[in-house]
Amino acid sequence: MSRDSASGSAMSFANRHIGPTTADIDTMLATIGVASLDELAEKAVPASILDALRDGLASGLDALPVAASEHEALDALRKLASQNTVAVSMIGQGYFDTLTPPVLRRHILENPAWYTAYTPYQPEISQGRLEALLNFQTMVAELTGLDIANASMLDEGTAAAEAMTLMHRAVKSASNRLVVDADLYPQTAAVIATRAEPLGIDVVTADLAAGLPEGDFFGVIVQLPGPPGWCATGRR
């Protein structure tokens with residue numbers, strides 16, 4: 021292949037895959053009734069932002085600092101972050117700090133192979149995440165002796181609500197009552213209540229340390245560990 025033909029092929033590829041052609045732009049502009057991209061910007065962008073007389077920037081935007089290099093930006097961010105007062109979080113209620121193992125920080129978060137465009141590794145990330153979730157929930161099921169474990173929920177409230185609907189479908193019981201631990205975190209209890217209402221499920225809150233309430237129910241949701249730090253074994 022000659023240099024000219026190779027160059028032509030490259031240009032053809034770029035024209036096919038990178039942005040609209042000039043003819044495409046003209047067709048789109050004619051369809052929406054404007055003569056140029058500048059006219060489109062004038063009609064679409066508020067005057068407080070767009071200033072056609074000064075390089076397309078509103079007068080207030082010229083006060084922005086000049087573009088910084090990556091090193092300069094990181095240095096400025098470190099100086100800004102150093103002004104923070106780091107205190108001990110006392111919020112509790114299930115919101116705890118996350119400890120990321122050093123091996124993950126070093127070999128994944130700090131891996132320079134991830135510093136390029138995001139899209140190429142999306143399939144690998146998705147597939148790896150699915151495998152990690154399967155391995156984790158399998159390990160949890162083996163450690164706890166549970167028949168079912170699900171690690172694909174992104175927050176505790178959603179996981180609890182999904183557990184409720186799973187029990188409701190799977191348990192052969194005519195009861196629509198669900199017993200919920202009184203020590204359940206309030207945000208988790210709120211999600212359960214919201215999901216239960218349209219399904220006609222009666223949520224019964226009980227102090228499980230005193231035992232289960234009377235009557236039939238299709239399931240029990242326990243906070244483990246509870247806010248005081250205890251594990252629900254029927255006694256504190």
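So for the sequence shown, the working numbering puts the first residue at 21; every next one is plus one. All residues carry an ideal CB built from backbone N, CA and C; glycine is no exception.
| field | Neighbour-count burial assignment, Val241, 16 or more Cβ in a 10 Å radius | value | One-based indexing of the sequence shown puts residue 241 at position 221. Here residue 241 turns out to be Ile, not Val, going by the sequence shown. Result: buried.
| Which first and last residues belong to the alpha helix (DSSP H) in which Arg149 is found? | As a working mapping, residue 149 is identified with position 129 in the sequence shown. If you look at Arg149, you'll find it in the alpha helix (DSSP H) that goes 142-164.
| request: Report all residues from its chain with a CB closer than 6 angstroms to the CB of Asp275; omit the five preceding and five following residues, and keep chain order. | output: For the chain, the structure presents residues 21 to 256; residue 275 sits outside this window and is missing.
| request: Note down, in chain order, each residue of its chain lying with its Cβ closer than 7 angstroms to the Cβ of Ile52, except the 5 sequence neighbours on either side. | output: Numbered from its first residue, the sequence shown carries residue 52 at position 32. Closer than 7 angstroms at the Cβ level, and outside the excluded window around Ile52, lies no residue.
| By the 10 Å Cβ neighbour count, where 16 or more other Cβ atoms means buried, how is Ala230 classified, buried or exposed? | Locating residue 230 in the sequence shown gives position 210, counting from the first residue. With fewer than 16 neighbouring CB atoms inside 10 Å of its own CB, Ala230 falls in the exposed class.
| query | How long is the line joining the alpha carbons of Pro122 and Ile128, rounded to whole angstroms? | reply | Reading the sequence shown from its first residue, position 102 is the one you call residue 122. Reading the sequence shown from its first residue, position 108 is the one you call residue 128. The straight-line gap from Cα to Cα measures roughly 10 angstroms.
| said: Is the separation between the beta-carbon of Gly259 and that of His188 shorter than 9 angstroms? | reply: The question about residue 259 has no answer here: the residues shown for the chain are numbered 21 through 256.
| message | Could you compute how far the alpha carbon of Lys99 sits from the alpha carbon of Met173? | response | The sequence position of residue 99 within the sequence shown is 79, counting from 1. The sequence position of residue 173 within the sequence shown is 153, counting from 1. One C-alpha to the other measures close to 37 angstroms.
| query | By DSSP, does Ala171 sit in helix, in strand, or in coil? | reply | Walking along the sequence shown from the start, residue 171 turns up at place 151. Ala171: coil per DSSP, three-state reduction.
| request: Mind checking who Leu198 pairs with in its DSSP beta bridge? | output: As a first step, residue 198 must be located in the sequence shown, where it is residue number 178. Bridge partners of Leu198: Val223, Gly239.
| query | On the three-state DSSP scale, how would you describe Ala213? | reply | The residue you call residue 213 lines up with position 193 of the sequence shown. Correct three-state label for Ala213: helix.
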